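With numbering that gives the first Met the number 0 applied, the first sequence covers 0 to 269. Using N, Cα and C, we set each Cβ at its ideal position, and we do this for glycine too. As the structure is a computational prediction, the values presented were derived from the model and not from experiment. Structure, as structure tokens:
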Amino acid sequence: MPELPEVETTRRGVEPHCLNRTVEQVNVRDSRLRWPVPDMLPATLRGQVITAVDRRGKYLLFRTASGSLLVHLGMSGSLRVVARGDAPGRHDHIDVLLDGGACLRYHDPRRFGCFLWQAPGQVHSLLSHLGPEPLSENFDGQLLYRLSRGRKGPVKNFIMDGKVVVGVGNIYANEALFLSGIHPARAAGRISLARYLRLGENIKQVLTSAIEQGGTTLRDFVGGDGKPGYFAQQLHVYGRSGQPCGACGGVLRELRLGQRSSVYCVTCQR
DNA sequence: CGCTGACCCTGACGGC
DNA sequence: TGCCGTCAGGGTCAGC
0 MPELPEVETT
10 RRGVEPHCLN
20 RTVEQVNVRD
30 SRLRWPVPDM
40 LPATLRGQVI
50 TAVDRRGKYL
60 LFRTASGSLL
70 VHLGMSGSLR
80 VVARGDAPGR
90 HDHIDVLLDG
100 GACLRYHDPR
110 RFGCFLWQAP
120 GQVHSLLSHL
130 GPEPLSENFD
140 GQLLYRLSRG
150 RKGPVKNFIM
160 DGKVVVGVGN
170 IYANEALFLS
180 GIHPARAAGR
190 ISLARYLRLG
200 ENIKQVLTSA
210 IEQGGTTLRD
220 FVGGDGKPGY
230 FAQQLHVYGR
240 SGQPCGACGG
250 VLRELRLGQR
260 SSVYCVTCQR
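Structure below.
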């Protein structure tokens with residue numbers, strides 16, 4: 000479900016309800032996520048004050064003095080604030096009860112997400128090898144150009160590699176490549192600096208725009224405040240295979256790269 | 001080191 | 001109506 004804009008939308012939605020709140024209780028109804036929810040997590044988190052809600056790539060970090068709750072939403076996860084006493088539904092696996100009456104509820108049908116603990120002063124191994132944030136000054140086309148030299152794999156897989164840059168998932172990879180006029184299957188190492196500079200800017204632009212729109216709602220994504228995102232209306236290629244290209248009118252084609260669908264325009268993208 | 005494919009899991013959807 | 005195959009926004013890991 001979520002790419003970086005959806006995770007950031009979730010972060011912004013839940014942050015006001017969590018900041019400076021004390022965790023009163025953690026209820027784990029199903030611990031079988033991507034990795035099991037640690038047995039120690041509820042007791043460790045109980046009584047702690049949430050001092051910040053941060054994001055690293057597609058991970059959310061709920062900071063406390065004794066460590067951080069590390070949450071990933073996987074493909075189908077969502078985190079919402081509900082009223083305490085709101086009955087949990089199917090796939091509502093975890094509740095974090097906060098003082099003041101709010102409840103942070105983790106929902107994840109496919110259970111590809113995770114709910115883990117990061118010790119204070121440490122960086123979890125899941126985060127330690129991540130590349131730069133795409134919206135930071137540490138990321139640009141220069142970086143893409145430098146890291147891509149000699150690489151034969153498709154550029155789409157390259158920009159979705161979390162060791163290169165975090166947060167670029169299938170939707171926005173497709174969109175950024177379209178905006179940049181780059182064919183998704185082109186070998187990453189055979190793209191010029193000038194084109195990577197454009198791609199870097201377009202990645203920033205498409206992610207920023209999606210965040211402003213509250214993310215892309217496909218199926219049932221909702222942000223932390225329960226509202227859907229509106230970016231889907233602006234998608235140029237994702238989910239539009241067989242439809243006309245908005246730029247040239249040609250029919251958009253689809254191919255599979257790394258087990259993921261890639262939609263592109265044969266005329267506009269080379 | 002880079003790349004490919006299997007795998008984790010449930011649900012929605014299309015074809016028959 | 002039901003069964004079956006396919007696909008879905010994530011990422012890790014093994015193997016070559």
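Check whether the Cβ atoms of residue i and residue j lie closer than 8 Å to each other.
i: K151; j: A172; result: no
i: P108; j: S75; result: yes
i: G56; j: G168; result: no
i: P275; j: A209; result: With the chain covering 0 to 269 only, the question about residue 275 has no answer from this structure.
i: H92; j: R45; result: no
Please go through the same chain and pick out, in chain order, the residues whose beta-carbon is closer than 7 Å to the beta-carbon of residue i, but skip the five residues on each side of it.
i: S260; result: E253
i: V164; result: G130, P131, P133, F138, I158
i: L37; result: One detail in the question is off: residue 37 reads as Pro in this sequence, not Leu. Counting only Cβ-Cβ distances below 7 Å, and skipping sequence neighbours, we find L115, W116.
i: K203; result: P133, L134
In three-state terms, what does DSSP make of residue i?
i: A51; result: strand
i: V95; result: strand
i: P37; result: coil
i: Y237; result: coil
i: H71; result: strand
i: T266; result: coil
i: H106; result: strand
i: S260; result: strand
i: G100; result: coil
Among the options, which residue has its Cα nearest to the Cα of residue i?
i: S147; options: L115, F111, G199, V122; result: G199
i: L96; options: Y105, S67, S127, G88; result: Y105
i: T21; options: I49, G238, P15; result: I49
i: Y237; options: V262, P4, V122; result: V262
i: G149; options: P37, A187, I210, S67; result: A187
i: G84; options: G112, E136, R11, G100; result: G100
i: R145; options: S127, R189, A184; result: R189
i: R110; options: S240, C102, H90; result: H90
i: C244; options: E23, G112, L178, V81; result: L178
i: L59; options: R255, H235, S77; result: S77
Under 8 Å Cβ to Cβ from residue i, same chain only, skipping five residues before and after it: list those, please.
i: C247; result: C264, T266, C267
Taking 6 Å as the limit between beta carbons, can you name the residues of its chain near residue i, skipping five residues before and five after?
i: N26; result: D94
i: S30; result: V36
Ordered list of alpha helix (DSSP H) runs contained in the region 123-187, each at least 4 residues: 124-127, 140-147, 154-158, 169-179
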